[in-house]
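Here the structure comes first, spelled out in structure tokens, and everything after it is commentary.
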Amino acid sequence: MRRTANLIVALCLLYAAAIVGWQALRLLFGDRWWWLIVANTFSLYLFLPLAALIPLALGSRRRTAIAAAAAPALIFALLYGGLFLPRWPTRRAAETPTLRVMTLNVLYTNDDGAAVERLIEAEAPDLICFQELTPRIAADLEARLGDSHPYRILFPAEGTTGIGIFSRYPLRDGKLLPDPGEEVGWWRQGALAATVDWQGQPITLLDIHAAPPSSDVFTPGWPRFFEAVTHLRERELAAWMEWAAQQEGPLIAAGDFNLGDQNAGYRLVAAHLRDAHRQASWGWGHTWQAYSSRYAGLPLFKRILRLDYVWYSDHWQPVEVHVAPWDGQSDHLGVVALFSLATR
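When we follow my numbering, the leftmost residue of the sequence shown carries the number 99, and every step to the right adds one.
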């Protein structure tokens, strides 16, 4: 029994040291190295051993084991506990206007505009930010959504860089923001900015598709490329948030940010805007991937990460936020957020 208890103490101490060490590295170095990027992106799953270690520590009755297990449990609570706190209904007058915003990465191989149309009809958003919008799906959606969302600013493209906004309300001043990816001749059309005329109030809307990571881990030199893409994404987000900070009035940024909420890029955005899911929803809110599959012969489970976000300025009050159902085509799930203007 003593040997077993000593083993439990050792396991708890090693695990606590690993989690505390990871957290220190994350705070000090962000996403500097590929292995730290992976750990930060999948940080939720670093806490899975707690499910076994906490009962073992309590059962051992060793104070050292209990204290060691408590340290990573506390870190978990600080990072993720807020996702499971009760959400009290937002108080607002019944006549207060609301704006429903949706983001959806439609997947560049998707040719089924009818599936997207069914999802849009079910969710009834006022504004839709699309990513991976190809000329084929863009033309199809223009025909299908033309009556319900007559205003649009579209920059479709072959591959994954197409982007576009559909709206029930008038749109103007649509433009692509400069993308640091242009400096290396790789990434284009990462952020589309537009002004929405809503209830007599101009709203700045950002449709964002940040640089995606490389998934081909068998490519020679993959770690270096993975780091380069991650750091490019950080430069993108820093540039776009600097632009957003210069805008006056209400602002919403929605899209596929291609990062987790413990990555350094998340903190770059959170320094300027609020995460609607963190503020008004409950649970993990994972949006990728939409279905289970296999990669290199290994299972890839569905809904393992939250990559799609809706962010907002302090002018707004989020009323309700949820992950949309799967449209049957995309590898992402959409996010829908309902806002009203904050009362001052």
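We treat Cβ as the ideally placed atom computed from N, Cα and C, and that holds for glycine. None of the values given here were measured: they were computed from a predicted structure.
Taking all protein chains shown into account, decide if residue i is buried (16 or more other Cβ within 10 angstroms of its Cβ) or exposed.
{"i": "P348", "result": "buried"}
{"i": "W186", "result": "exposed"}
{"i": "Q344", "result": "exposed"}
{"i": "E193", "result": "exposed"}
{"i": "P278", "result": "buried"}
{"i": "R100", "result": "exposed"}
So, using beta-carbon positions, are residue i and residue j closer together than 7 angstroms?
{"i": "I173", "j": "Q121", "result": "yes"}
{"i": "V263", "j": "D305", "result": "Per the sequence shown, the amino acid found at residue 263 is Ile instead of Val. Contact: yes."}
{"i": "L303", "j": "I235", "result": "no"}
{"i": "G272", "j": "I301", "result": "no"}
{"i": "R331", "j": "G353", "result": "no"}
{"i": "A114", "j": "P170", "result": "yes"}
{"i": "G260", "j": "P268", "result": "no"}
{"i": "A167", "j": "C110", "result": "yes"}
{"i": "H307", "j": "G319", "result": "no"}
{"i": "S158", "j": "A103", "result": "yes"}
Indicate the three-state DSSP secondary structure (helix, strand or coil) for residue i in the structure shown.
{"i": "P416", "result": "strand"}
{"i": "G327", "result": "First, the residue type needs correcting, since residue 327 is Val and not Gly in the sequence shown. DSSP places V327 in helix when its eight states are reduced to three."}
{"i": "A308", "result": "coil"}
{"i": "T139", "result": "helix"}
{"i": "G257", "result": "coil"}
{"i": "F399", "result": "coil"}
{"i": "G381", "result": "coil"}
{"i": "Q121", "result": "helix"}
{"i": "S438", "result": "strand"}
{"i": "R392", "result": "strand"}
Considering only residues of the same chain and omitting the five flanking positions on each side of residue i, which have a CB-CB separation below 8 angstroms?
{"i": "M339", "result": "L366, V367, A369, H370 and L371"}
Note down, in chain order, each residue of its chain lying with its Cβ closer than 6 angstroms to the Cβ of residue i, except the 5 sequence neighbours on either side.
{"i": "P195", "result": "Q297"}
{"i": "L217", "result": "D425"}
{"i": "D429", "result": "L205, Q387 and A388"}
{"i": "A155", "result": "C110, A163, I164 and A167"}
What does a CB cutoff of less than 7 angstroms around residue i pick up in its chain, not counting 5 residues either side in sequence?
{"i": "P223", "result": "R198, V199, M200 and V434"}
{"i": "F399", "result": "S390"}
{"i": "A336", "result": "L366"}
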